[in-house]
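At position 440 of the sequence shown (counting the first as 1) the number is 428 in the numbering used here, and the numbers step up by one without a gap. Think of the CB as a built atom: it goes at the ideal place given N, C-alpha and C, for glycine as much as any other residue. Written below as structure tokens is the structure these notes are about.
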Amino acid sequence: MPTENKREVRVRIAPSPTGPLHFGTARTALFNWLFAKSAGGAFILRIEDTDLERSDAKYEEEIIAGLRWLGIEWDEGPVRQSDRLEVYEKHLKRLLDEGKAYHCYCTKEDLEEERQAMMAQGLAPKYSGRCRNRKASGGASPQLIRFRMPETAVSFKDMIRGKITFDAALFGDIAIAKNLRAPLYNFAAVVDDHEMRISHVIRGEDHIPNTPKQLLLQDALGFAHPEYGHLPLILSADRSKMSKRYAETSLLAYRENGYMPEAMFNFMALMGWHPAPERGSVRDTPAQEKEIFTRDELIKAFDIKRVQKAGAVFNQEKLDWLNAQYIRTLGDAELAEHLQPLLAARGLKWDKKLLAKVVAIERSRAKTLADIITNGELYFSLPDYDAKLLVWQSASFAEIRERLTRLLEILQDVSEKEFTVPALTATLMPYAEEKGRGAVLWPFRVALSGRQASPGPFELAAALGKEETLRRLGLALQKLGLV
């Protein structure tokens, strides 16, 4: 049956609640959402939960939470397949009554024996069709319902890849249900797409082999064909298949690790697609290398024809860079507010005044919100460290003790109000210049941070305040006294 060309744009994302929402599924949802919004259409959330043994409500909740975190809201749904079993039963009965489907009595052992025999002959395994004309007899029970696959060529025009052709004879008679109340993926998807008036199916390229099967099922049921577009796979940096570390990472893990939804949305949108260059550009470079886009800009620019066929590389450095750029756009107070859920998840309750100081210092070098927390821990509790870390180059412990003792004496006479970066710099730099900057500032910084790498000592002291600065200098002197 031909595709209806002038239907309202209606797309769907149809995850299975058998595991967390992963990056690839989230990107597919985002591309569908952009396609719908750019065309003034509808985006539908469908939960494919017919696998009752593996489906879990907690994963459905995570799918919904992940999409909402990204800012992807649906116009209809969530529609659950488990609530639609009567609909599938009706269409299965029709195919059986019309002789377009039949009951298969082959056991798993029968099918495995068939598969091994075909492979031994160098043939691609497929069902032989031995139950095609079998009538129910004896005590045998049907194991599956199979579609009587027409032996014909099937072609469709992919929105991204152009014309694709399959020989349906290679598929064999595919299983479409375990029984009348247990449809399998291809059949349930076809019925749902028809009933939900889906106009365009945009999904990963791993679904390309399913498309001809679904087209033939649509023909058998008298359904119109949606248009199909298959997105490129997501590849690792070396262009190999994406490692399990990334492919199976839950989307919400990125939230927990301090990535901002705006950055993730922007990053995903550019995974295999880029806006057209601006008019007047000399060459077809991707929007003149622009990387940061608002949602409205992405909706306005989105064109499915600009999705690439080749695999899209997951560039962790680019994600970190984008996230850092979005962090920079927030004011200190707004950034501190964004940190609260991450702090709560880690069981941390940080003083708000000190947190504000930490944000002001750490924001410029943070790639993620989690970096601010990790780097900020030293302001709230001094990490344990080895006294040797206090030593600058070839200085002796005695020299380091002398430098820190003098710093302690100077700072005791500085008021709390003067514990600012400019005032501390003006007060302490003459001594540092006299004895050597590194010889004074290195042990001072380590005494305050307990780390080899940290912000400068004046920034640290200003954030910590007079009392805590003096306390940490005293602790450093105690460490040196034990050497």
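Coarse secondary structure for residue i, derived from DSSP in three states
i	result
residue 393	helix
residue 336	coil
residue 143	strand
residue 188	strand
residue 273	Confidence at residue 273 is low in this model, with a pLDDT of 47, below 50, so the placement of that residue is unreliable and no value is reported for it.
residue 76	helix
residue 295	coil
residue 182	helix
residue 237	coil
residue 229	strand
residue 91	strand
residue 155	strand
residue -9	Note on residue -9: pLDDT 46, under 50, position unreliable in the model; no value is reported.
residue 164	strand
residue 136	coil
residue 171	strand
Nonlocal neighbours in the same chain, by C-beta distance under 7 Å from residue i, ignoring five residues either side
i	result
residue 371	438, 439
residue 298	220
residue 394	419
residue 139	156, 157
residue 242	252
residue 409	446, 447, 450
residue 286	22, 257
Cβ-based neighbour list, residue i, same chain, cut-off 6 Å, excluding 5 preceding and 5 following
i	result
residue 205	178
residue 420	428, 429
residue 197	none
residue 88	136, 208
residue 8	50, 238
Length of the line joining the Cα atoms of residue i and residue j
i	j	result
residue 404	residue 448	14 Å
residue 314	residue 265	23 Å
residue 453	residue 407	6 Å
residue 60	residue 21	7 Å
residue 147	residue -2	15 Å
residue 391	residue 10	54 Å
residue 25	residue 66	18 Å
residue 239	residue 14	7 Å
residue 426	residue 45	58 Å
residue 342	residue 376	29 Å
residue 68	residue 433	58 Å
residue 55	residue 62	9 Å
residue -5	residue 215	11 Å
residue 237	residue 83	40 Å
Residues of its chain near residue i, where Cβ-Cβ distance is below 8 Å and the 5 sequence neighbours each way are ignored
i	result
residue 270	With a pLDDT of only 47 at residue 270, under 50, the local geometry of the prediction cannot be trusted, and the value read off the model is given with reservation. No residues qualify anywhere along the chain.
residue 402	411, 412, 415, 454
residue 248	311, 314, 315, 326, 357
residue 340	324
residue 103	113
residue 99	115
residue 462	396
heavy atom of the ligand COA below 7 Å from residue i C-beta
i	result
residue 9	Absence of the ligand COA is noted for the structure shown, with no ligands found whatsoever.
Contact check, residue i vs residue j, beta carbons under 8 Å
i	j	result
residue 163	residue 137	no
residue 160	residue 117	yes
residue 18	residue 256	yes
residue 134	residue 77	no
residue 32	residue 64	yes
residue 261	residue 227	no
residue 320	residue 348	yes
residue 457	residue 436	yes
residue 361	residue 318	no
residue 95	residue 131	yes
residue 346	residue 367	yes
residue 176	residue 16	no
Could you give the uninterrupted runs of the beta strand (DSSP E) lying entirely in the stretch 198 to 225, keeping only those of 3 residues or more? Qualifying beta strand (DSSP E) stretches, in chain order: 215 to 219.
In the stretch 9 to 74, which residue ranges form an unbroken alpha helix (DSSP H) of at least 4 residues, counting only runs that do not cross its ends? Within the stretch 9 to 74, the complete alpha helix (DSSP H) runs of at least 4 residues are 11 to 26, 45 to 58.
Quick one: complete beta strand (DSSP E) runs, 3+ long, within the stretch 422 to 448? Those beta strand (DSSP E) runs which fall completely within the stretch 422 to 448 and span 3+ residues do not exist here.
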